[in-house]
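Numbering (the UniProt record's numbering), first residue to last: 1 to 178. Positions of the beta carbon are idealized from the N, C-alpha and C atoms, including for glycine. No experiment lies behind these values; they were computed from the predicted model shown. These notes concern the structure reproduced below.
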Amino acid sequence: MPDRQYDKERLKHLLHYVIWKAGARPGFGATKLYKAAWFSDARSFVLLGKSITGAQYIRQAHGPIPKYGMQVRSELADVGYISQSQDHNGHWQFKALTPAKEEWFSPQERDHIDYWVHHIADNHTAASISEESHDLGWEIAKMNEVLPFYSVLASRIREPSEEQMAWAKRRAKELGLP
């Protein structure tokens, strides 16, 4: 399935939107920013048939990052949309200086982005979301290699969790299946 062409403006608006939605939360630095972008883009590709930005993401030690992520962040800061700084430990901190332009995204795209921003901000540390992004596709790729969005579909066959089994049984019952 062909994806959309890379659109630098959409990547800019995605990163700005994620920073705006996350707010100036402690611990929401570059790792979480890039993971929210990756999961939003990749899941949109899988569920909607095209990614949000068409951006290339490359394998890095802490998971996939947009190939031009740092350049785009610098441009956002240069035009006054965000501020970015590093703390004494070298961790990036972001703040949206202007509201993001939501109209750049469809309602479905915004739903995906909002889900990932809140899921990552509320339920993960930078280390735990990095671990979650280290799926089979990431493991197979070489450092700095482009990760295609469909790589999120690669997985090992494993037993379903108790929660997954309970859901499947409930759903089967709802559908009248034995």
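Neighbourhood of residue i by C-beta, 7 Å cutoff - its chain only, sequence neighbours within 5 removed
{"i": "Arg134", "result": "The sequence as given places His at residue 134; Arg does not occur at that position. So the qualifying residues of the chain are Gly63."}
{"i": "Asp3", "result": "Phe45, Lys50, Ser51, Gly54, Phe149"}
Sequence-distant residues of the same chain with beta carbon closer than 8 Å to residue i, five excluded per side
{"i": "Gly29", "result": "His91, Trp92, Gln93, Phe94, Ala126"}
{"i": "Ser83", "result": "Ala77, Phe94, Lys95, Leu97"}
{"i": "Ile129", "result": "Thr31, Lys32, Lys35, Gly63, Ile120"}
{"i": "Gln86", "result": "Trp92, Gln93"}
Residue i versus residue j - alpha carbon distance
{"i": "Lys169", "j": "Ile52", "result": "34 Å"}
{"i": "Thr98", "j": "Ile58", "result": "29 Å"}
{"i": "Ile65", "j": "Tyr150", "result": "15 Å"}
{"i": "Arg73", "j": "Ser161", "result": "38 Å"}
{"i": "Lys35", "j": "Trp138", "result": "13 Å"}
{"i": "Lys101", "j": "Glu131", "result": "31 Å"}
{"i": "Gln5", "j": "Val46", "result": "16 Å"}
{"i": "His88", "j": "Leu14", "result": "27 Å"}
{"i": "Ala154", "j": "Glu9", "result": "29 Å"}
{"i": "Ala96", "j": "His16", "result": "7 Å"}
{"i": "Asn144", "j": "Leu136", "result": "16 Å"}
{"i": "Leu177", "j": "Leu48", "result": "29 Å"}
{"i": "Val79", "j": "Tyr115", "result": "27 Å"}
{"i": "Pro107", "j": "Ala61", "result": "32 Å"}
{"i": "Asp7", "j": "Trp104", "result": "11 Å"}
{"i": "Gly27", "j": "Leu175", "result": "43 Å"}
{"i": "Gln56", "j": "Gln71", "result": "13 Å"}
{"i": "Ala24", "j": "Glu163", "result": "33 Å"}
Residue j beta carbon less than 8 Å from that of residue i
{"i": "Ile120", "j": "Lys32", "result": "yes"}
{"i": "His118", "j": "Ser40", "result": "no"}
{"i": "Ala42", "j": "Val18", "result": "no"}
{"i": "Lys12", "j": "Glu75", "result": "yes"}
Exposure label - residue i; buried when at least 16 CB within 10 Å
{"i": "Ala166", "result": "exposed"}
{"i": "Arg171", "result": "exposed"}
{"i": "Ile140", "result": "exposed"}
{"i": "Leu147", "result": "buried"}
{"i": "Gly69", "result": "buried"}
{"i": "Lys173", "result": "exposed"}
Cβ neighbours of residue i in the same chain (closer than 6 Å, five flanking residues each side left out)
{"i": "Val152", "result": "Ala42"}
{"i": "Lys142", "result": "none"}
Entirely enclosed beta strand (DSSP E) segments - the UniProt domain "Antitoxin SocA-like Panacea" (33-138), minimum 3 residues:
57-60, 63-66, 82-86, 92-96
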